[in-house]
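Protein chains in written order, with this note's numbering: chain A, 2 to 344; chain U, 2 to 344. Cβ atoms here follow ideal geometry from the backbone N, Cα and C, with glycine treated the same way. Nothing here was measured: the structure is a model prediction, and the numbers come from that model. Notes for the one structure printed next.
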DNA sequence: AGTATAAATGCAATCGTATGCATCAACCAA
DNA sequence: TTGGTTGATGCATACGATTGCATTTATACT
């Protein structure tokens, strides 16, 4: 036991969890267990007399009978549970991001009467052990957030367990995520409208597919306009990295597209310290739309990734896969621009 | 299906999830299914020849056999899954708070090789339906975050399912939370050291037990020093409520203890707008210690509630209850003061 | 050689539910 | 009356793993 500071040692009045079974209800009433099961679930194609039905309903209620989910799952071959796996066990870096993903996924599961099971692993757990845990029958399907199309992605795909990659596309699995190109495009169009031409891009230090996609989209947008792309590195930990890199560029960009919200905020913070005015001296656009969760003292202009829709789409894809339907391999949810005070 | 924006309609190369069973492995080898099961799990008290053991291990590996978790759960009467239920389906208000609770709980579960299942409900789901869902055998125990000792708390207690209330104490269940009195005490002692005497308390608009406890502790601390307690209302939505209420108090307090971090930040934001300097004109202390997740441009002085330890303790309590041990009814985890730039 | 002992393995029940098929009574038409 | 149909219900198995007990085979000891 973890040693607690201050406790009072009353013995709790525990009743051992005495699950009532359908057979117990049946025996009490002198009917068969099958009848109880069928009456309670209103199985179509079977008729029961009003009298029997009423007796069973009442007795079940009285005895506090609840069908045992695990037994049902075993029998039916489905659990009505969806798993969520994210690759790095430390949610720290993407803390708020992960919180939002989990929140929206749970909401989406709720809507289809499913539950969300969190599958995380210690960093030292091997791929095959992860696979074993993920495919041991606890969940009907999997939503995963992976960094890359590595052995885990391939293993999941091979396992036959329906799985959808979220946010980051990986080749081996169907994926649903933000339409990054559109996101970058509307961000840049917005900056252009505001009169900016020297627009830099703060690039992710992580090898995330989504980050790469945004970077590529940025370059395309710039080149289409005949402007020089300026990519500056960026770190979520060292808040000054981006700022310093930015300062060394000549002529200095007047606007920066950041690959995500957190890096945008870090940049703005560095600007504040250096007395660089945002948005007058430098316009900043983020990407994610989680900013309202961050309770900033200002509103960030950002590309809203629409997590709610992405999550909904992901679980709906899973349901479709479970029904044997074929699903689109890559689904893009269009992002929207949320204009704040930083551009 | 949720209509996606842009899709490409390749049919995915799905293999149906063909679970290999222990019997299939046994039949392949001409041994009994029991032997396979025992060899693979190294059941103590049974010896098997090196040859048989090797053959089974290899064949299981080759066929990709994984024990079916649902079947094991049914047989063993335990799922190795812990449920988390939080009363309000909208995580919005306590968004960051809930994210941290879930994160730390998951970490704690990971350490004891369990999984965390998220149990949330739409607001219109009745108490009895919630109870039915929670006690249907899917989880070995429950961690709950409840607002009050209402019918749900009582129902869970009566159900016999091991459950621990987290953060908020409710009478019907064993609980583990922050030692609020100590938290308030160290916060006030800190302010006193800084020379403050007129210390106000920003009180929660929610009927949360933890909030009440903090308020009571505040009053005790003030009265012990012969000072007048000043409680001002506070809203997490309208950021100005607290500030305005504060302005109307004479003589104006020089410091404010806030019932949580979010309200502290709202207050500080209002101060900024009104050109009231923090900490010189007004010192502010928060409560929760989640502030580093908020990426504020300043460091808040706050009482760190130590979620990691609370969560660990909660799941350990559950494990103890599952072993039939009696557990302390109320466990307090001592908070620590984290000194920032607002005092 | 004969039997006690240990080593190696198999049989079969069980967990609680879902469901195909069988059964039995009642009712109705010919 | 007989045969057919419908209504109401029960029997028994399957889902896949775990485990107490029984059984066989090998080893050891007089």
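Determine the contact status of residue i and residue j, defining contact as a CB-CB distance below 9 angstroms.
i: residue 26 (chain U); j: residue 37 (chain U); result: yes
i: residue 178 (chain A); j: residue 211 (chain A); result: yes
i: residue 109 (chain A); j: residue 143 (chain A); result: no
i: residue 233 (chain U); j: residue 203 (chain U); result: yes
i: residue 317 (chain U); j: residue 256 (chain U); result: no
i: residue 166 (chain A); j: residue 176 (chain A); result: yes
i: residue 136 (chain U); j: residue 81 (chain A); result: no
i: residue 54 (chain U); j: residue 308 (chain U); result: no
i: residue 86 (chain U); j: residue 121 (chain U); result: yes
i: residue 192 (chain U); j: residue 344 (chain U); result: yes
With a CB to CB cut of under 6 angstroms and the five nearest residues on each side skipped, what residues in its chain are close to residue i?
i: residue 107 (chain U); result: 117
i: residue 24 (chain A); result: 34
i: residue 230 (chain U); result: 220, 223
i: residue 342 (chain U); result: 299, 300
i: residue 321 (chain U); result: 328
i: residue 289 (chain U); result: 261, 262, 306
i: residue 313 (chain U); result: 109
i: residue 291 (chain A); result: 97, 101, 262
i: residue 188 (chain A); result: 258, 286, 304
i: residue 52 (chain U); result: none
i: residue 332 (chain U); result: 177, 314
Helix, strand or coil: which one does DSSP assign to residue i?
i: residue 3 (chain A); result: Caution applies to residue 3 (chain A), whose pLDDT of 37 falls short of 50 and renders its modelled position unreliable; the model cannot decide the point.
i: residue 126 (chain A); result: coil
i: residue 28 (chain U); result: helix
i: residue 231 (chain U); result: strand
i: residue 44 (chain U); result: coil
i: residue 113 (chain U); result: coil
i: residue 214 (chain U); result: helix
i: residue 184 (chain A); result: helix
i: residue 120 (chain U); result: strand
i: residue 37 (chain U); result: helix
i: residue 71 (chain A); result: helix
i: residue 82 (chain U); result: strand
i: residue 344 (chain A); result: coil
i: residue 49 (chain U); result: coil
i: residue 156 (chain A); result: helix
i: residue 141 (chain U); result: coil
i: residue 321 (chain A); result: helix
i: residue 106 (chain U); result: helix
i: residue 273 (chain A); result: helix
i: residue 236 (chain A); result: coil
Out of the options, state which residue places its alpha-carbon closest to the alpha-carbon of residue i.
i: residue 303 (chain A); options: A:278, A:201, A:285; result: A:285
i: residue 201 (chain U); options: U:194, U:246, U:165, U:195; result: U:246
i: residue 280 (chain A); options: A:151, A:270, A:216; result: A:270
i: residue 77 (chain U); options: U:141, U:130, U:46, U:40; result: U:141
i: residue 88 (chain U); options: U:41, U:126, U:325; result: U:126
i: residue 206 (chain U); options: U:158, U:235, U:113; result: U:235
i: residue 251 (chain A); options: A:241, A:53, A:199, A:227; result: A:199
i: residue 56 (chain A); options: A:162, A:72, A:31; result: A:31
i: residue 324 (chain U); options: U:171, U:172, U:162; result: U:162
i: residue 70 (chain U); options: U:62, U:115, U:40, U:48; result: U:115
For residue i, which residues from the same chain have a beta carbon less than 7 angstroms from its beta carbon, with the 5 sequence-adjacent residues on both sides left out?
i: residue 92 (chain A); result: In this prediction, residue 92 (chain A) has a pLDDT of 44, which is less than 50 and means its spatial position is unreliable; what the coordinates show is noted afterwards. Excluding residues within five positions, the ones whose Cβ falls inside 7 angstroms are 99.
i: residue 310 (chain U); result: 334
i: residue 209 (chain U); result: 148, 169
i: residue 128 (chain A); result: 152, 153, 156
i: residue 264 (chain A); result: 203, 235, 237, 243
What residues are listed by DSSP as bridge partners for residue i?
i: residue 338 (chain U); result: U:304
i: residue 177 (chain A); result: A:167, A:332
i: residue 200 (chain A); result: A:256
i: residue 98 (chain A); result: Answer by DSSP bridge pairing: none, since residue 98 (chain A) is not bridged.
i: residue 244 (chain U); result: Per DSSP, none; premise fails for residue 244 (chain U).
i: residue 290 (chain A); result: DSSP, once it has assigned bridges, lists no residue as partnering residue 290 (chain A).
i: residue 299 (chain A); result: The partner list for residue 299 (chain A) (beta bridge, DSSP) is empty, contrary to what the question assumes.
i: residue 87 (chain U); result: U:146
i: residue 285 (chain A); result: A:257
Using C-beta distances below 8 angstroms, list every residue in its chain close to residue i, excluding the 5 sequence neighbours before and after it, in chain order.
i: residue 64 (chain A); result: 21, 25, 26, 29
i: residue 139 (chain A); result: 80, 82, 84, 118
i: residue 228 (chain U); result: 198, 199, 200
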